[in-house]
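Here's the structure, in structure tokens; my notes come after.
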Amino acid sequence: MTSYPTVEDLRLVDAVARHGSLGAAARELLVSQPSASQRLAALERRVGTSLFDRDTTGARPTAAGREFCDQAAHVLDHLGTIVERALAAAQSRTVSVGAFPSIAGTLFAALDVLLDDVVVQPEVDHGPRLLEWVERGALDAAFTGIAKQVPIARGLVVTEVGRHDLVTLLPAGAPVPGSGRRPYEGQTVVYCPLDLTGDVLHRRLTELGAHARPGATAEAAVRTARERRCAAVVPDMVARWYAAPGDRTVPAPFRGRVTLSMVTRSPVPPALLGALPGLRERLREGNAHARA
35 MTSYPTVEDL
45 RLVDAVARHG
55 SLGAAARELL
65 VSQPSASQRL
75 AALERRVGTS
85 LFDRDTTGAR
95 PTAAGREFCD
105 QAAHVLDHLG
115 TIVERALAAA
125 QSRTVSVGAF
135 PSIAGTLFAA
145 LDVLLDDVVV
155 QPEVDHGPRL
165 LEWVERGALD
175 AAFTGIAKQV
185 PIARGLVVTE
195 VGRHDLVTLL
205 PAGAPVPGSG
215 RRPYEGQTVV
225 YCPLDLTGDV
235 LHRRLTELGA
245 HARPGATAEA
255 AVRTARERRC
265 AAVVPDMVAR
275 WYAAPGDRTV
285 PAPFRGRVTL
295 SMVTRSPVPP
305 ALLGALPGLR
315 ERLREGNAHA
325 RA
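With this note's numbering applied, the sequence shown covers 35 to 326.
What follows is the structure, encoded as structure tokens:
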């Protein structure tokens, strides 16, 4: 692509995807249908592929179009908060913090308590995008499990939050791993490592005889294990977060560890730096705080 799509391009693609019709999209955007059609055709030429299959019944996204539409909706949603966030920043102490889905709930709940006099502007997305936003200055901090596994841009500061070993969570009714070289022979095992080692973990579990299934998030992995009454291989903090009566936690059959890090620009925001000791404790203990 020779140039970035404009906001008008993104709005057009988003409207066509929502309405399933170029004409309806044009009416929403207050432009003529020929103008909308020409703009979409020009965008497709710049992208280098068709974004929609169009006929007399409407417009349906192609595979490329679905991805473009998803990204367009994400960018438009982000743009829509710019003024709101700018005004909030002018009126109060704020920090913008990003986290990946598996830790977002626990992390933001902890920060809300620890940063009682600071407004936390949350952003939930995957690690690479969060790191990019920190580099550009769109986020004050990103909490991620991949900082030790990817190149970090010059000028960014990586602060370790915690190291968490992989364990096997056995919900009530789940079979106990056997012995020998294939302890999971014939068993389903759900996994979620929180970093970039998913493929390695899948291969190792398969070699141990398991029918390995990835969990979309940490919570999804544990919930799936409960539904299937099978083992879940997750970081130890996840096992504690979602502990339930009848659960057992045993060592994973191989060594594995996820390092959770906070990535910021320099200097590290003082509010976040001051909250780190309490945050480490809350992430390590999980719902022990709720049980206390």
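No residue lacks a Cβ here, since even glycine has one placed at the ideal position from N, Cα and C.
If you're wondering where the values come from, they're calculated on a predicted model, not measured in any experiment.
Open item on the list: Could you tell me which whole beta strand (DSSP E) segments of length 3 or greater appear in the stretch 175-262?
Closed with: 175-178, 190-204, 222-225 and 245-248
Task: Distance, Gln-105 Cα to Ala-277 Cα - done: Residue numbering aside, residue 277 sits at position 243 when the sequence shown is read from its first letter. Residue numbering aside, residue 105 sits at position 71 when the sequence shown is read from its first letter. Rounded to whole angstroms, Ala-277 to Gln-105 spans 35 Å at the Cα level.
- [ ] Just tell me which of Arg-260, Val-131, Pro-135 and Glu-157 has its CA closest to the CA of Leu-149.
- [x] Here residue 149 corresponds to residue number 115 of the sequence shown, with the count starting at 1. Leu-149 has its Cα closest to that of Val-131, out of Arg-260, Val-131, Pro-135 and Glu-157.
Task: Bounding residues of the alpha helix (DSSP H) (the contiguous stretch that carries Val-65) - done: Residue 65 sits at position 31 when you count from the first residue of the sequence shown. No alpha helix (DSSP H) holds Val-65; DSSP gives it neither H nor E.
Task: Contact belief for Ala-206 with Asp-270 at Cβ below 8 Å, rounded distance in angstroms - done: Working through the sequence shown from its first residue, we reach residue 206 at position 172. Working through the sequence shown from its first residue, we reach residue 270 at position 236. Contact between Ala-206 and Asp-270 does not hold, since the beta-carbon distance rounds to 19 Å and is not under 8 Å.
TODO: May I ask which residues mark the beginning and end of the beta strand (DSSP E) holding Gly-132?
DONE: Reading the sequence shown from its first residue, position 98 is the one you call residue 132. Note, Gly-132: beta strand (DSSP E), 128-133.
Task: N-terminal and C-terminal residue of the beta strand (DSSP E) that Asp-159 is part of - done: Along the sequence shown, one-based indexing puts residue 159 at 125. First-last for Asp-159: undefined, no H or E at that position.
Open item on the list: Suppose contacts are defined by Cβ-Cβ distances below 9 Å. Is Thr-98 in contact with Val-109 by that definition?
Closed with: By one-based count along the sequence shown, residue 98 stands at place 64. By one-based count along the sequence shown, residue 109 stands at place 75. In the sequence under discussion, the amino acid at residue 98 is Ala, which differs from the Thr named in the question. No. Outside cutoff.
Task: beta strand (DSSP E) segment containing Arg-289, residue limits - done: Taking the sequence shown and counting its residues from 1, one reaches residue 289 at position 255. No beta strand (DSSP E) contains Arg-289, which DSSP labels as neither H nor E.
Task: Residues of its chain near Ala-252, where Cβ-Cβ distance is below 8 Å and the 5 sequence neighbours each way are ignored - done: Counting from 1 along the sequence shown, the entry for residue 252 is found at position 218. Only Ser-136, Ile-137, Cys-226, Leu-228, Val-268, Pro-269, Val-272, Trp-275 and Tyr-276 meet the Cβ criterion.
Open item on the list: Quick check on the DSSP output: the alpha helix (DSSP H) that includes Gly-272 runs from which residue to which?
Closed with: Taking the sequence shown and counting its residues from 1, one reaches residue 272 at position 238. As written in the sequence, residue 272 is Val, which differs from the Gly given in the question. Looking at the DSSP string, the run of the alpha helix (DSSP H) that includes Val-272 is 270-275.
- [ ] In angstroms with no decimal places, state the Cα-to-Cα distance between Ala-326 and His-112.
- [x] On the sequence shown, position 292 is the one that residue 326 refers to. On the sequence shown, position 78 is the one that residue 112 refers to. Unreliable positioning characterises Ala-326 in this predicted model, as indicated by a pLDDT of 29, which lies under 50. The coordinate reading is nonetheless provided below. Approximately 38 Å between the Cα atoms of the pair.
Open item on the list: Please tell me whether Arg-94 and Leu-56 are closer than 9 Å, where the distance is taken between their beta carbons.
Closed with: Walking along the sequence shown from the start, residue 94 turns up at place 60. Walking along the sequence shown from the start, residue 56 turns up at place 22. Contact annotation: Arg-94 and Leu-56 have beta-carbon atoms that are not nearer than 9 Å.
TODO: Spell out the partners DSSP gives Thr-298 in its beta bridges.
DONE: The residue you call residue 298 lines up with position 264 of the sequence shown. Answer is Ala-175 and Val-191, bridged to Thr-298.
Task: Sequence-distant residues of its chain with Cβ nearer than 7 Å to Gly-232 (five each side left out) - done: As a working mapping, residue 232 is identified with position 198 in the sequence shown. Pro-248, listed in sequence order.
TODO: Note down the Cα distance separating Thr-293 from Gln-183, rounded to an integer number of angstroms.
DONE: On the sequence shown, residue 293 is found 259 positions in, with the first residue counted as 1. On the sequence shown, residue 183 is found 149 positions in, with the first residue counted as 1. Looking at the backbone, the Cα of Thr-293 and that of Gln-183 are separated by about 10 Å.
Open item on the list: So, with DSSP's three-state summary, where would you put Pro-303?
Closed with: Residue 303 sits at position 269 when you count from the first residue of the sequence shown. In the structure shown, Pro-303 sits in coil (DSSP, three-state: anything other than H, G, I, E or B).
Open item on the list: For the structure I just gave you, are there three or more beta carbon pairs, one from the stretch 192-207 and one from the stretch 284-302, closer than 8 Å?
Closed with: yes
Open item on the list: For Pro-162 and Leu-74, what's the separation of their Cα atoms in angstroms?
Closed with: Your numbering for residue 162 matches position 128 in the sequence shown. Your numbering for residue 74 matches position 40 in the sequence shown. CA-CA distance, Pro-162 to Leu-74, rounds to 29 Å.
Task: Within 9 Å, strictly: CB atoms of Gln-221 and His-236 - done: Counting from one through the sequence shown, the residue named residue 221 turns up at place 187. Counting from one through the sequence shown, the residue named residue 236 turns up at place 202. Cβ distance not < 9 Å, so Gln-221 and His-236 don't count as in contact.
Open item on the list: Quick check on Ala-266: does DSSP put it in helix, strand or coil?
Closed with: Within the sequence shown, residue 266 is the residue found at index 232, counting from 1. Strand.
Open item on the list: Mapping the DSSP letters down to three states, classify Thr-140 as helix, strand or coil.
Closed with: Your numbering for residue 140 matches position 106 in the sequence shown. Thr-140: helix per DSSP, three-state reduction.
Open item on the list: Which residues does DSSP list as the beta-bridge partners of Asp-89?
Closed with: The residue given as residue 89 occupies position 55 in the sequence shown. DSSP output for Asp-89 lists Gly-92 as bridge partner(s).
Open item on the list: Going by DSSP, what residue range makes up the alpha helix (DSSP H) through Val-152?
Closed with: Walking along the sequence shown from the start, residue 152 turns up at place 118. First-last for Val-152: undefined, no H or E at that position.
Task: Euclidean distance between Cα positions of Glu-78 and Leu-165 - done: Position 44 of the sequence shown, counted from the start, is the residue given in the question as residue 78. Position 131 of the sequence shown, counted from the start, is the residue given in the question as residue 165. Glu-78 and Leu-165 have their alpha carbons spaced roughly 29 Å apart.
TODO: Could you tell me which of Gly-290, Val-153, Val-154 and Val-129 sits nearest to Pro-303, measuring between CA atoms?
DONE: Here residue 303 corresponds to residue number 269 of the sequence shown, with the count starting at 1. The residue with the shortest Cα to Cα distance from Pro-303 is Val-129.
Task: Beta-carbon spacing of Ala-255, Val-224 below 9 Å - done: As a working note, residue 255 is residue 221 in the sequence shown. As a working note, residue 224 is residue 190 in the sequence shown. Result yes, Cβ atoms of Ala-255 and Val-224 sit closer than 9 Å.
Task: With 16 other Cβ atoms within 10 Å as the buried cut-off, status of Ala-286 - done: For the purposes of this step, residue 286 is identified with residue 252 of the sequence shown, where counting begins at 1. Burial call: buried.
Task: Distance, Glu-319 Cα to Leu-242 Cα - done: If you number the sequence shown from 1, residue 242 lands on position 208. If you number the sequence shown from 1, residue 319 lands on position 285. C-alpha separation (whole angstroms): 30 Å.
- [ ] Name, in chain order, the residues that DSSP records as bridge partners for Thr-293.
- [x] Taking the first residue of the sequence shown as 1, we reach residue 293 at position 259. Answer is Arg-197.
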